[in-house]
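So that you can map any letter, position 273 of the sequence shown is 273 in the UniProt record's numbering, and since no number is skipped, the others follow by simple counting. Heads up: the structure comes next, in structure tokens.
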Amino acid sequence: MRLIKLATANQILEMPIVGLGSWRAQPEEMEKALWAALDAGYRHIDTAFNYNTEETIGKVIKQWISQGKGRREDLFITTKLPNCANRAADVGRFLKMSLDRLQLSHVDLYLIHMPFSFRCNETNFSPLTNEDGSFSLDYSSDIIATWQAMEQQVQKGLTKAIGLSNFNAEQIEKIYSCAEVKPAVLQVELHAYLQQNDLRALCKRLNIAVTAYAPLGSPGANNHFSSKYNYSGIVSIHDFPDILGHPVVKEMAEKYKKSPGQILLRHLVQQDVIVIPKSSNPERIKANIDLFDFELSQEDMGKLNGLDRGENGRIFDFLFFKGVEKHPEYPFKQRIDGW
Ligand SMILES: NC(=O)c1ccc[n+]([C@@H]2O[C@H](COP(=O)([O-])OP(=O)(O)OC[C@H]3O[C@@H](n4cnc5c(N)ncnc54)[C@H](OP(=O)(O)O)[C@@H]3O)[C@@H](O)[C@H]2O)c1
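See the structure below:
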């Protein structure tokens with residue numbers, strides 16, 4: 001497995017370039033998927049406080065280690081601070097809750113999941129909503145203060161590295177310029193239709209590794225947005241992108257005798273982008289990490305680069321959180337301004 005060296009002070013930390021995503025996996029499904037993934041050689045797992053997969057992941061890891069199949073230090077575990085806890089005073093207690101659920105003494109990477117913040121419903125640790133269904137925005141949060149609390153978690157040994165997710169260029173530079181512990185990783189939506197070239201160039205300059213979420217275009221995410229949030233969004237259900245089904249991707253799959261998913265993932269790892277595809281299907285789990293016995297030609301890389309739709313390729317604009325665009329740290333304002 002290829003490893004990406006992270007820029008962390010005082011320690012060497014390497015992140016496997018392929019990890020298992022876990023969003024939208026139900027507990028039983030997650031358990032089977034994680035066993036299949038560990039057997040297939042995955043050593044990097046991506047979760048978050050609000051995916052409800054931390055407990056199951058913790059249980060499987062504990063069994064995997066106690067059965068002598070591997071050691072904690074063989075694994076790279078990422079989790080995330082939820083958007084209802086995006087304030088300095090909450091960072092420590094939410095990381096502690098994640099660690100308890102994961103049954104771990106530390107994670108390898110802790111990310112601020114989103115730059116904007118909601119007020120928290122303390123009974124179930126989810127965002128509070130208003131009577132009209134909009135989300136209750138927390139205007140008092142301060143991304144710099146939250147970052148400083150993230151830095152303290154590294155100093156306490158509760159995470160090896162810290163990073164950002166869904167932050168835009170301006171927000172990243174703001175944090176970077178006053179950070180004592182620099183962000184090691186940026187996790188953003190990144191796939192053939194949204195290639196994030198400017199953001200990747202910025203990260204390269206700042207020595208921040210990039211993780212691609214939704215690297216396959218998150219098939220089925222639209223059903224989740226509509227069933228959970230009653231949101232059909234600016235991408236109508238019928239227009240939801242089918243990147244795996246794009247003729248260029250399908251043709252290339254035939255040419256290289258690989259699946260369309262493997263072509264899309266190889267396109268990213270060949271550029272040193274970390275990928276975290278989610279699957280609960282054992283065959284697809286295996287295929288999604290089996291990316292290192294072929295290389296896409298420069299010409300084919302160029303063809304895949306040509307599928308980029310820029311901002312129009314974005315699937316995750318978070319507008320399913322009704323009213324989120326009014327938050328001062330909503331990161332994709334240019335998308336709304338363009339309407
Ligand atoms: N930071 C953030 O805000 C954020 C947001 C979204 C996601 N994420 C993280 O990134 C991970 C990946 O993103 P994602 O789950 O949205 O999307 P994804 O990995 O692009 O797509 C997952 C979907 O593709 C299917 N699939 C998996 N492998 C396949 C293959 N080889 N061929 C065809 N279909 C395949 C899966 O179904 P089966 O299970 O049936 O295979 C699942 O429905 C998440 O699970 C989560 O850990 C982070």
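Glycine is no exception: its CB is placed at the ideal position from the N, C-alpha and C atoms. Every value quoted in this text rests on a predicted model; they were computed, and no experiment measured them.
Per-residue burial, residue i [other beta carbons within 10 Å of its own, 16 or more giving buried]
{"i": "Gln-26", "result": "exposed"}
{"i": "Ser-22", "result": "buried"}
{"i": "Asp-138", "result": "buried"}
{"i": "residue 342", "result": "Only positions 1 to 339 of the chain appear in this structure, which leaves residue 342 out of reach."}
{"i": "Pro-183", "result": "buried"}
{"i": "Gly-19", "result": "buried"}
{"i": "Ser-141", "result": "buried"}
{"i": "Ile-4", "result": "buried"}
{"i": "Thr-123", "result": "exposed"}
{"i": "Arg-266", "result": "buried"}
{"i": "Ala-48", "result": "buried"}
{"i": "Gln-187", "result": "buried"}
{"i": "Arg-71", "result": "exposed"}
Beta-bridge partners of residue i, as assigned by DSSP
{"i": "Phe-118", "result": "Leu-137"}
{"i": "Ala-161", "result": "Leu-109"}
{"i": "Tyr-213", "result": "Glu-189"}
{"i": "Ser-226", "result": "In the DSSP output, where bridge partners are listed per residue, Ser-226 has none listed."}
{"i": "Leu-194", "result": "His-191"}
Where residue i sits in the DSSP three-state scheme
{"i": "Thr-78", "result": "strand"}
{"i": "Lys-5", "result": "strand"}
{"i": "Ser-177", "result": "helix"}
{"i": "Pro-328", "result": "coil"}
{"i": "Leu-206", "result": "helix"}
{"i": "Leu-13", "result": "strand"}
{"i": "Gly-19", "result": "coil"}
{"i": "Thr-129", "result": "strand"}
{"i": "Leu-104", "result": "coil"}
{"i": "Leu-95", "result": "helix"}
{"i": "Lys-286", "result": "helix"}
{"i": "His-246", "result": "coil"}
{"i": "Phe-292", "result": "coil"}
{"i": "Thr-146", "result": "helix"}
{"i": "Lys-333", "result": "helix"}
Limits of the beta strand (DSSP E) - the one that residue i falls within
{"i": "His-44", "result": "44-46"}
{"i": "Ile-276", "result": "No beta strand (DSSP E) holds Ile-276; DSSP gives it neither H nor E."}
For residue i, the first and last residue of its enclosing alpha helix (DSSP H)
{"i": "Thr-56", "result": "54-66"}
Count Cβ pairs between the segment 272-289 and the segment 313-321 that sit closer than 8 Å; are there 3 or more? no
Taking 8 Å as the threshold, find out whether the segment 60-69 comes into contact with the segment 292-311 through three or more Cβ pairs. no
Between the segment 74-94 and the segment 116-135, do three or more beta carbon pairs fall short of 8 Å? yes
Pairing CB atoms from the segment 4-14 with CB atoms from the segment 25-41, are three or more of them under 8 Å? no
Sufficient close CB pairs (3 or more, under 8 Å) joining the segment 195-211 to the segment 254-261: no
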